[in-house]
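Accompanying notes for the structure given below.
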Amino acid sequence: MIKQVTEETLVNGKRYWKSLDDLASKPSFKNWVEREFPEGASMLEGVQRRGFMKLMAASFGLAGLGMTGCRRPEHTILPYGKSPEELIPGVPNYYATSMPSAQGYTPLIVESHEGRPTKIEGNPSYIPNGGGTSIYAQASVLDLYDPDRSKSSLKRSEEGEDSWDVISSDQVKDDLVNLMKEGKVAILAEKSSSTARKVLSKQLIEKGVIWSEYEAIDLNSPEIKLGSAIGIDGGLRLIPNLGKASRVLALDCDFLGNREPFSLANTRALMKGRKVLSAKDAKKMNRLYSVESDLTITGGVADHRLRLESSQFIAFANLLAAEIFTIRKSGTNAEIERLQKRGQAAETHAKWIKECAVDLCTKHKSSVILPGSHLPEEVHLICYAINQVLGCIGRTVKYQATEKAATNLLSLQKAVLKDEVDTLIFLGGNPVHQASSLDWGNFSTKISNKIHLGDSVNETTSFCDYHIGQSHYLESWDEGKTWDGSAIVPVQPLLAPLFETISDLELLQVLLGSSQNTYDFVKSLHEKRSSTNSYDDFLRLGIEKQSPSYYSKEISLLELIENKEELPEPPTLDNLEVLLIPDFHSWDGRYANNGWMQECPDPISKLTWDNALLISPALAKMLEEKYPTLGLLPEPTMLNKNGEIAPDAANFDHGKQKAPIVTLSISEDQTIEGPIYVQPGLADCSIIASLGLGRSNVGRVGKGTGYNAYPLLGSNFDRIVSNVSIEPTGEFETLANVQEHWSMEGRAIVREGNAEEYITDEAFASHMGAESHSPKIWGKDQEADLKFKAQTTPRGNSSYDHPDHNYEKSETPGLHQWGMAIDLNQCTGCSACVVACQSENNIPIVGKDQVLRGREMHWIRLDRYFSSTARDGAELPSDVQVSFQGVACMHCETAPCETVCPVNATVHDEEGLNAMAYNRCVGTRYCANNCPYKVRRFNFFDWNKRKTDELYKGPLGEENDPLPSMGKNPDVTVRMRGVMEKCTYCVQRIQESKIQVKVKAQRNALLVTGKDGGDIELSKDDIKVPDGTIKTACQQVCPSDSISFGDLSDPESEVSKLKNNPRDYSVLGYLNTRPRTTFLAKVRNPNNRMPDFASSPHAAREYHDKAHPAHHEEGDHASDTIKGEKH
Amino acid sequence: MSSKVTDQSDVISPELMNKVKPAKWEEVPLVLNNRSFHWVTEKICGIVEQKTPTWWWWCFITALSIASFTGLGLVYLVSTGVGVWGNNNPVNWGWAIVNFVFWIGIGHAGTLISAVLCLLKQKWRTSINRASEAMTVFAVICAGIFPLFHVGRVWFAWWLFPIPNANAIWPQFRSPLEWDVFAVSTYATVSILFWYMGMIPDLAIIRDRAKETWRKYFYGVLAMGWRNANNHWRNFEMAYLLLAGLSTPLVLSVHTIVSFDFAVANLPGWHTTIFPPYFVAGAIFSGFGMVLTLLLPLRAIFRLHDLITEKHIHNMCKIILATGSMVGYAYAMEFFIAWYGANSYEGFAFINRAFGNYWWAYWIMVSCNVICPQLFWFKGIINNIPLVWIISIFVNIGMWFERFVIANTTLSRDFLPSSWGYYSPTVVDLFTFFGTFGFFSVLFLLFIRFLPLMPMAEVKSVMPAADPHGGKH
Amino acid sequence: MRNLFPSWVNTIPVKVILSLGIIGGTVTAGITYYATPKYTRVGYQPTQPVSYDHSFHAGQLGLDCRYCHHGVDKSSHANIPGAQVCMSCHKNIKADSPLLAPIRDSYFGEDTNRDGILSEGEDSNGDGSLNQGPAVPWVRIHKTPDYVYFNHAIHVNRGVSCVECHGRVDKMKVVHHDKPLSMSFCLECHRNPEKSLRPMKEVTNLDWSLPNSNPDNPHLDQIHAGLDIKNKWGVNPPLSCTGCHR
Amino acid sequence: MNIKYGVAATFNSAKSLFDAAGKVREEGYKEWECYTPIPVHGLDAQMGIGRSKVPRFTLAGGITGFCTGMLIVWYMNAFDYPLIVGGKPYFSMIYPFPVFYELTILFAAFGTLFGMFFLNRLPRHNHPIFEHPSFGRTGDDKYMIVIEVEDHKFDDEATPAFLKDVGGKSITVIREPVN
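Chains as they are written, first to last, in my numbering: chain C, 1 to 1127; chain L, 1128 to 1600; chain G, 1601 to 1846; chain S, 1847 to 2025.
Put into structure tokens, the structure is as follows:
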């Protein structure tokens, strides 16, 4: 008999409510409970209240299902369009909100299960992002459930330095009011695009508060620099409009990646211009030039890429300007001469610059130049001038007038030194850690009250003696602007604060002595702005259009650049430069405790849980010569030497990357230590160091990850640091690299062609790979339509007749036949899909140690290959092309994994899904071995149950904190140890949609016709899910729409059309696995006049060189081999 | 060494003989020194009946403590997860499957000796078949540990058997692992039956000689009431012959099916049709290696020189030489086919085997399996018993590495270079594997202590006295 | 030499074979009966905090299932009603019954005088509002494992009655687990849905049987009617893993 | 009380037993048996017994095994719960052949062993022959012929004498104790 369910377990639901259970004994919890259900008496006031009550009732009633207890905020939240009027347990709700950041607010739709936000999606109402989100937005939901976040406010105890007292939020408020009364308050805030905060900050400044802002990676600085260079009051923000661009030149500007703002919109717009479905599109395809010191994902997309040290961009920009001015016949001779003179250092690249300039000028008005945000003022100014000369301002680029910058950290320092500050409030951020060049010790003695508002305890908290826990944005009210200023978006809470925390707005309100709560405040802001739309409508849509003002005045370059200082010396191998970039995993350090971000591999270096000092192969060679025992690069093996496989870019000791640790120093006190990693594609004398890891006071996840590069950030906060010397320490660090091998080895895995090739031969991809010269996979049915192939699995050359995709023992084929097409030409490698999938499918975090052992669990991985035909034996190439390929379960029709499973745990369903029944799996791992794509993931340990560092203790190990489990998707099984898992094509979404469509059709039939039983007739179309309804998590997040998913038995579906495109191919198609996920070959669009032009992409040349060695000859041989294929 | 030269000319037509002038045939008897039936009985029963020797106790305790490594390793594994081993993605099968194939390979010699050599009327098999069969049974038990415990959820391993259940779901018979379940369990069962059946007359002898009561009853129950009656012998011999006939295809099929674990997969380096014969040859090779490893010390300890003669050792060395050469041929043929097939994935898999990340394992394998046994061409070497013993150990080492090379080089570098990886075992892997040697030794020690080491009736029946026609043809 | 074993030992083999057969058979039968969900789940009948009588409310009063289990046709979960659903009647009927105390406590909470307004002395925790009482701890009876995703809405809307899985709840004074709800139970119906399909309006009518059916063989008529519904509605219950396991 | 079971005569060599057995057969005895430490080559024919029937059990076992294998595979993978696996047919004679094959051998082996047991009426731990004082030697190096009382030609005096005639040593009457 079943054991009687105890009262306690019922009320508290499943295990993962234990955190609340534990908290129940604390007074703070009792407070929430009381705040949670206060409206009982007034519940009959309105519809929404009633809905609210039902939720509560239901959530308690269904406690055993694991849905309960989460608090709803005190104010009603309005569901987004498709949400029902009332909440029904088991049916998720969707709310519009946005994610605050200094780079503009990102409009979001958040999925909530019984009051628990579980999944974040982009708000498609905001056109530039088109429903995509950045990887950080995806991961931010995990921060809400971070067990290390601040759960209350703390005050340094009188007992000792390291002990803290918990204080109530009422006490905090009283303390703040008192401090305000005493005066001499200064606030150091992290930057924000919040319009609400702006209003409050102005009020505070009026009250005499010193308001200053600091951001380590200040993406607002270019606009300020440009504004001041041109001499206007305020900033000038460059807003690219790449949808109209046909030629783009990026100057050290990772505008598709995480280093520049607006990257989602940029990605979407640029990649749209690279979508080629026919030869006609290919002719119109845009072309991207990228000059950069680091290898970024922008450089990966680029058709031409030039390696150049960041400090050399002034010269480069000058020379480029000179060329363009000459071609466009603009500017005076004196001006051009001056530009040429200042650009002399870039002469070595004169040919490249010239041809690039010619190309830009032929497409003037639709070309654009984008400077990197870390580049000096002069480059921004020149780019403005070039964009002006090219006639693209207002077309492909707009300059938006922005407000003046707030007081910066240096001015605050002055005020402090002048004893003008008694109380300093850090509003978010972590300046003590980031601005390490400042004399914080001096600060400390000058200020008596140091208060830190932060989402978790960090290095700045250690500096202060008062910590106020900050609410997550999913727990707060706010509103802010998007980066392009075209919209104001609301931030509405999905749930009331889980812990006793307050938002920054609440804190400012307290300082202002206002009793208004933030909801009313934000609502009043909206009402002031707009009288036509109700606030409810605003929340429902999640966006409100704005019309910002743009600047397009002509400038005269000569005057403005007249008195520029000396050009920086070009760096050499003895005199290196360091470029400080935001870390992929943690950005400026704020996501350092986010396990999803830590475990998501950096798109280029493929490192997880760590950052490394990236150096170029040239520098590596130099270091090897200088320090022969360094062990930076592995000894070339025989296979490397005779070109059988490419040499590794790092020493892998038993599969674990062993990286030597070096010291980089500018001066005595400005040194950092970090492991080095050789990255092909880097400018020879640049070292790339990322900021944000190596934090000293951080939660359990971020502890011990990476090195800290902030000490290199000088007092001017310039991210290009010169005159750096490098010295090995003799120690080594083990790096968790998820991809050991960087070369495709001439295998036709990612198939690429140039636009010109594509125009002459649209099916170039099908002339590659073993299947191009093996018997036809589908035999006599090779040319049959997709629907027939999907439903019947034609026999082809198999010795077996394959069963059709029918329902069990029937002649009826499955209603849909699911398939996916991934357009490699659209993928930039941003990796948002990896985290989106992790969030949607409850994929566990395994930790660095397990990643090192090759046990990462991501269902989709982004394979990154470098290709180069200039490879010389065992030398690492310097110039490489980058190819990305998202690989998840391919749902092969003749799946090798299924055949080998002894227990029927992985089988096909009638709709062509490769099902994985976790509960049937015994864990032989045979399927994973036999998967040619290696997409299956095994639960080697109880990742979900056991703490990451206690895995080896087995049942004796401590269990995981249950808080993150609240963010789990209740529609997906949480897997136990010993079972296999893999991509399911988001089967939970498929099933939910199918159910919804059927339920709707059935109810409609009953209601509309009034008939019942056998009198109702539903056609197949009534119960079929319309194309586009189901989006897989990876597809939904993708800003460039590179993933399509749908029904192959519907010839009109998007995915069917893509699969019928001649660019479509199956990876390892010759194995006759017949994957349902196919890829569309990548098309590059190089300029044949450029010095680095190659008639075929490197990857294609590598393939042809290996597959047809007879054709091997220098020069234009790729087209020969293609012709050879056809014979 | 005694031998007798027989002149065949009196049997075959003398005229013909004169014409052909055949060489004199030296017939070496299988039991030396004209031993009598009784001597054989005394010798073999004596081993069981004597007082337990001290060395036995020492060996037993040592073996038992080594065996505990496996026990501890498995307890840790089951309680904590497969992660305690070194397996990863892409190398999802690490040592576990290597060890499985290794042990099951060893478990081939016994059945081979008792069945195939029986059918081939190789009379010299009689003195070594019992011990080899015991070795087979114990090796199969050791082998069975690995596939059972390598699964993620051992407690559900019964799902591999066709047992009706409330979930109404069944095993999947297309999987080579499912075939393995049937092959290995059939092999274990049939080997045990065969072994036990062959032992019944011997158990009856011990029963009849027993002095202590426990012995009388213990062997009495095991002997099933065997009476040495001609009717018993008649059915027994027929059953023995049939079991030999059944075991011969079985022994070939088992390693064939084990090789299907690899050959049916589609990975480069695994997906080859040469695997079944290559694996069977390898299994026989390793099995005979292990037989030599075990019997040479036993021969010395129990003074069995009259029963396990140099002829036996020579014959086994010849088989090792032959199968070792077959294995070497298979290695070469794999390379040839990979090159000839012109599939770049396949080609790379083999180049990588020899020169890639596990090159050392490959060359250990080649030197132990191909080069080492070639020494058996030399008479001086096969007559040097200690040297034969050392080579037999090398054979075992080499065959373990063969499985390691096959399993790991392919998995660590297969189709997509992005998922290439490296596998190295953990301490738990090591302990669990080495523990099985202890476990095996425990079983083998119990066997030599309590069960007849050689089939007395069979040994006697190849002696001249067994001839009902008084030794005259 | 003498016989070691007495002569009766000769009969042991036969006896052993016979008894093994009998024991084996019994054990197998026992396991199939006692260790399967059919036995382990069916009949589970816990005591509820409030002795809600389904046979009275749903049977005699004829309350529709969906009155309380309001999510059943919209959501994957059927939902247990909150206290206010009970109170919509029991505010007036049996308003002071001691049996209903947990419901009232949950519903009114701090509102001791039950007027819906915060009166003097009611705000016991001093947060300025009326708080609800503790939830009624109903004991869960039907539960599928975590890895099984049963969706009520699709079944209820496609003509599968509550009675198929929950039995005649309208006749149960105290609800018990009536059907095994094992995988084979689910498959049985998914393979032969025609045995269970009925018009949508009759889904919550637990007493329903096909009207005008041949009294001699009502099952055959139901199968015909069910097949008619199955074909016309396009009912094709999934039999592959993805139908229920995600 | 004792029941007379038969008369035993021992022989020292396979040859003497072999010759004697031929004579016993020629004499027309039916219920008699030879006890030998080894299976003596050609003794069956000498005793006038035919071929063993064990192969029939083996064949029956083999056929049962093959059919069982086919039946379970067909029932489990094609009939009761057909699932699409790797695009392979639900049932085929080819893919599960290893299963048929192994089950054929397994059942045939069971048939053989149990057939042998059945034909030899084993296990039988109690038998009058064990009452013979030197029965134990038949496992070692002695041969023995026993003519049972049951035999129609058995004669209390003639039979022992006949055995002596054919070369039997230490003629012993075996008596079975009855209680």
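Even glycine gets a Cβ: it sits at the ideal position worked out from N, Cα and C.
Inter-residue Cα distance where the pair is residue i and residue j
i	j	result
Ser-134 of chain C	Lys-523 of chain C	27 Å
Trp-1182 of chain L	Leu-1199 of chain L	26 Å
Val-1278 of chain L	Thr-1313 of chain L	20 Å
Val-1515 of chain L	Asn-1496 of chain L	14 Å
Arg-1079 of chain C	Ala-928 of chain C	Here residue 1079 of chain C is Phe; the residue named in the question, Arg, does not match the sequence. The alpha-carbon atoms of Phe-1079 of chain C and Ala-928 of chain C are separated by roughly 22 Å.
Gly-235 of chain C	Glu-554 of chain C	16 Å
Asp-1664 of chain G	Leu-1806 of chain G	10 Å
Ala-874 of chain C	Asn-651 of chain C	14 Å
Gly-1173 of chain L	Ala-1906 of chain S	41 Å
Leu-1580 of chain L	Leu-1423 of chain L	13 Å
Met-1365 of chain L	Pro-1901 of chain S	8 Å
Integer Cβ distance of residue i from residue j, believed to fall under 8 Å
i	j	result
Glu-898 of chain C	Thr-793 of chain C	About 13 Å; that fails the 8 Å criterion.
Cys-983 of chain C	Val-935 of chain C	6 Å
Ile-502 of chain C	Ser-169 of chain C	6 Å
Asp-1770 of chain G	Ala-1658 of chain G	4 Å
Tyr-707 of chain C	Leu-691 of chain C	No, Tyr-707 of chain C and Leu-691 of chain C are not in contact; Cβ-Cβ is about 10 Å, not under 8 Å.
Gly-469 of chain C	Ser-152 of chain C	6 Å
Residues that DSSP places opposite residue i in a beta bridge
i	result
Cys-1499 of chain L	DSSP output for Cys-1499 of chain L lists no bridge partner at all.
Met-271 of chain C	Its beta-bridge partners do not exist; DSSP assigns none.
Glu-1994 of chain S	S:Gly-1852
Asn-806 of chain C	C:Pro-813
Original post:
Contact between the stretch 227-246 of chain C and the stretch 361-368 of chain C: three or more CB pairs below 8 Å?
Top reply: yes
Original post:
What are the uninterrupted segments assigned as alpha helix (DSSP H) that are 4 or more residues long and contained completely in the stretch 1699-1785 of chain G, given in chain order?
Top reply: Qualifying alpha helix (DSSP H) stretches, in chain order: 1701-1708, 1752-1757 and 1763-1766.
Subject >> Any beta strand (DSSP E) of 3 or more consecutive residues that is wholly inside the stretch 864-929 of chain C >> reply: 881-887, 906-908 and 914-916
Original post:
Which whole runs of the alpha helix (DSSP H) in the stretch 1639-1705 of chain G are 4 residues long or more, in chain order?
Top reply: Those alpha helix (DSSP H) runs which fall completely within the stretch 1639-1705 of chain G and span 4+ residues are 1665-1668 and 1683-1690.
Subject >> Ordered list of alpha helix (DSSP H) runs contained in the stretch 1155-1231 of chain L, each at least 4 residues >> reply: 1164-1176 and 1181-1207
Original post:
How do the stretch 973-981 of chain C and the stretch 929-948 of chain C stand: do at least 3 beta-carbon pairs fall below 8 Å, yes or no?
Top reply: yes
**OP:** Please determine if the stretch 1032-1051 of chain C and the stretch 812-829 of chain C are in contact, where contact requires at least 3 C-beta pairs separated by less than 8 Å.
**Re:** yes
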